[in-house]
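Heads up, the thing below is written out as structure tokens.
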Amino acid sequence: MQILASIPSPSQGVWHLGPVPIRAYALCIILGVIVAAWLGSRRWIARGGQPGTVADVVVWATPFGLVGARLYHVITDYQLYFGPGRDPWRAFAVWEGGLGIWGAIAFGALGAWIACRRRGIPLPAMADAAAPAIVIAQAIGRLGNWFNQELFGGPTTVAWGLQIDSAHRPEGYEQYATFHPTFLYEFIWDFGVAGLVIWADRRFKLGHGRAFAVYVMGYTLGRAWIEYLRIDPVNHVLGLRLNVWTSVLVFLLAALYFVISAKLRPGREEVVEPVPAGASSASDQGEAGQGRTAATVTGATPTGAGGSDAAAAGADASKAEVGASGAARVDVVTSDESETDHGASGRSGESGSAKPNGSDSRSTSGQPVGENSPTQEQRSEDGR
Numbered sequence: 000m001q002i003l004a005s006i007p008s009p010s011q012g013v014w015h016l017g018p019v020p021i022r023a024y025a026l027c028i029i030l031g032v033i034v035a036a037w038l039g040s041r042r043w044i045a046r047g048g049q050p051g052t053v054a055d056v057v058v059w060a061t062p063f064g065l066v067g068a069r070l071y072h073v074i075t076d077y078q079l080y081f082g083p084g085r086d087p088w089r090a091f092a093v094w095e096g097g098l099g100i101w102g103a104i105a106f107g108a109l110g111a112w113i114a115c116r117r118r119g120i121p122l123p124a125m126a127d128a129a130a131p132a133i134v135i136a137q138a139i140g141r142l143g144n145w146f147n148q149e150l151f152g153g154p155t156t157v158a159w160g161l162q163i164d165s166a167h168r169p170e171g172y173e174q175y176a177t178f179h180p181t182f183l184y185e186f187i188w189d190f191g192v193a194g195l196v197i198w199a200d201r202r203f204k205l206g207h208g209r210a211f212a213v214y215v216m217g218y219t220l221g222r223a224w225i226e227y228l229r230i231d232p233v234n235h236v237l238g239l240r241l242n243v244w245t246s247v248l249v250f251l252l253a254a255l256y257f258v259i260s261a262k263l264r265p266g267r268e269e270v271v272e273p274v275p276a277g278a279s280s281a282s283d284q285g286e287a288g289q290g291r292t293a294a295t296v297t298g299a300t301p302t303g304a305g306g307s308d309a310a311a312a313g314a315d316a317s318k319a320e321v322g323a324s325g326a327a328r329v330d331v332v333t334s335d336e337s338e339t340d341h342g343a344s345g346r347s348g349e350s351g352s353a354k355p356n357g358s359d360s361r362s363t364s365g366q367p368v369g370e371n372s373p374t375q376e377q378r379s380e381d382g383r
């Protein structure tokens, strides 16, 4: 068989830093977690959450997810670890591969629920923010299968066939050199699902866990046919691989949740995380700043302790200054003071009111009528 082109597998998947082994599989998982935490945090803050919340959730969800992923794999592929000629202790050899995404999501959700409950935030809102981040983490983690030369598909002669060393070929496939790179198929599919979730979330303002449901439906739809291509030994039910049935069941559950949630709780959550005690939200700080700015521009004194006394003292000082200089009088005066001033000026009228002869309260020089300004009768005598 002549191979026109193919994808080579890495020559090794582990490096040693002294006595410490550095495994590519573990590095891929760690990188996926870091990217997921970064993207999930950005989406959570954009929804109104607090910085640092996603990091706290990741601290809980990651170990729970790893334990659940390994448990699911060991339980569903128990024949690899238990029985005649098998070593049960290999069930703890996570570095050799074997993490079930279904267990990772289920147990990871349990850890996330604990973290969300501790902070008083709803799990569905957090799941919506983290959905595209989770599937991207899955895509990056699939690169670990490439380094381990595992979980590939059947033999193929396509140009993008994956080269597998003879030591890693399953029984009955020793004569084949290239196989379907299912890790690459899922890698591309997962990024497509992440893009779908982000688009749908922005377009339809998904909330209450529906963005997470879109992720689950999208992922399981692709996982079903990718799983069908794989040839690694697993348990079968009614002629299909167990994970194919799991994908179908989880897809139906996610679709049912999406429909019921849309009817019972349409729209998106307005508040996803309460403001911590002693802290104020950005909007509250902005309103307070605008109020202080307005008070400074208008010369108003904020009300509160001592506020009314300061305002009264300021008004008295303003009246005294105007009376001495003959400038415009302060508009805010008491009714008794207004009537007294008007009586002394021949009741020429309140500030801004029309005069009987059609003139206003300004003098012929354009200056306002003050306490030292000539009265209307004096102006009439001067005009004769």
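In numbering that gives the first Met the number 0, the protein residues as written are 0 to 383.
Positions of the beta carbon are idealized from the N, C-alpha and C atoms, including for glycine.
Selection from the options that minimises the alpha carbon distance to residue i
| i | options | result |
| --- | --- | --- |
| LEU30 | ALA108, THR61 and TRP88 | THR61 |
| GLU268 | ALA212, LEU205, SER246 and ARG229 | LEU205 |
| PRO50 | ILE28, ARG118 and GLY84 | ARG118 |
| PRO121 | VAL56, GLY217, LEU241 and ARG89 | VAL56 |
| ASN147 | SER10, ALA4 and SER5 | SER10 |
| ALA90 | ALA108, PHE106 and GLY67 | GLY67 |
| ILE113 | GLY64, GLY82 and THR155 | GLY64 |
| ILE28 | GLY17, ARG69 and GLY143 | GLY143 |
| HIS167 | GLY208, GLY96, ARG201 and TRP224 | GLY96 |
| ALA129 | TRP88, GLY48 and VAL236 | GLY48 |
| VAL73 | ALA92, ARG41 and LEU26 | ALA92 |
| VAL53 | ARG69, CYS115 and ASP86 | CYS115 |
| ASP231 | GLY82, TYR172 and GLY191 | TYR172 |
| TYR227 | LEU263, PRO180, PRO265 and VAL271 | PRO180 |
| ALA138 | TRP88, ALA193, SER246 and LEU79 | ALA193 |
| VAL157 | ALA124, TYR175, ARG264 and LEU79 | TYR175 |
| ILE187 | PRO169, HIS207 and ILE225 | ILE225 |
| HIS189 | LEU263, PRO169, MET216 and HIS207 | In the sequence as displayed, the identity of residue 189 is Asp instead of His. Among LEU263, PRO169, MET216 and HIS207, the Cα nearest to that of ASP189 belongs to MET216. |
| GLU170 | ARG41, ALA4 and PRO154 | PRO154 |
| LEU220 | LEU239, LEU237 and THR245 | THR245 |
| TRP391 | LEU26, LEU239 and VAL236 | Since the first and last residues shown for the chain are 0 and 383, residue 391 lies out of range. |
For residue i, the first and last residue of its enclosing alpha helix (DSSP H)
| i | result |
| --- | --- |
| TRP88 | Note, TRP88: premise wrong, no alpha helix (DSSP H); not H, not E. |
| LEU65 | 52-75 |
| VAL34 | 23-45 |
Beta bridge counterpart(s) of residue i as assigned by DSSP
| i | result |
| --- | --- |
| THR177 | GLN162 |
| VAL213 | Paired residue(s): none; VAL213 is not in a bridge. |
| HIS235 | ARG240 |
| PRO399 | Any question about residue 399 goes unanswered here, given that the chain covers just 0 to 383. |
| GLY221 | Partner(s): none; GLY221 has no beta bridge. |
| PRO154 | PHE178 |
| PRO20 | HIS15 |
| ARG229 | GLY152 |
heavy atom of the ligand GDP below 7 Å from residue i C-beta
| i | result |
| --- | --- |
| PRO62 | Only the bare structure without any ligand can be found here, which leaves the ligand GDP out of the picture. |
Pair within 8 Å by beta-carbon distance, residue i and residue j
| i | j | result |
| --- | --- | --- |
| LEU161 | THR177 | yes |
| VAL134 | TYR218 | yes |
| TRP59 | ALA111 | yes |
| GLN229 | GLY152 | According to the sequence as given, residue 229 is Arg; it is not Gln. Yes, these two residues count as a Cβ contact at 8 Å. |
| ALA136 | ALA35 | yes |
| TYR71 | TRP101 | yes |
| ARG141 | PHE182 | yes |
| PRO131 | TYR256 | no |
| ASP200 | SER8 | no |
| TRP159 | ILE6 | yes |
| ARG22 | VAL32 | no |
| SER260 | ARG202 | no |
| VAL249 | LEU241 | no |
| ASP86 | PHE211 | no |
| ARG69 | VAL271 | no |
| PRO123 | HIS207 | yes |
| GLY39 | THR75 | no |
Start-to-end residues for the beta strand (DSSP E) that takes in residue i
| i | result |
| --- | --- |
| VAL270 | Where VAL270 is concerned, there is no enclosing beta strand (DSSP E), given that its DSSP letter is neither H nor E. |
| HIS15 | 13-16 |
Quiz item: Quick one: complete alpha helix (DSSP H) runs, 4+ long, within the stretch 79-127?
Solution: The stretch 79-127 contains these whole alpha helix (DSSP H) runs: 100-118.
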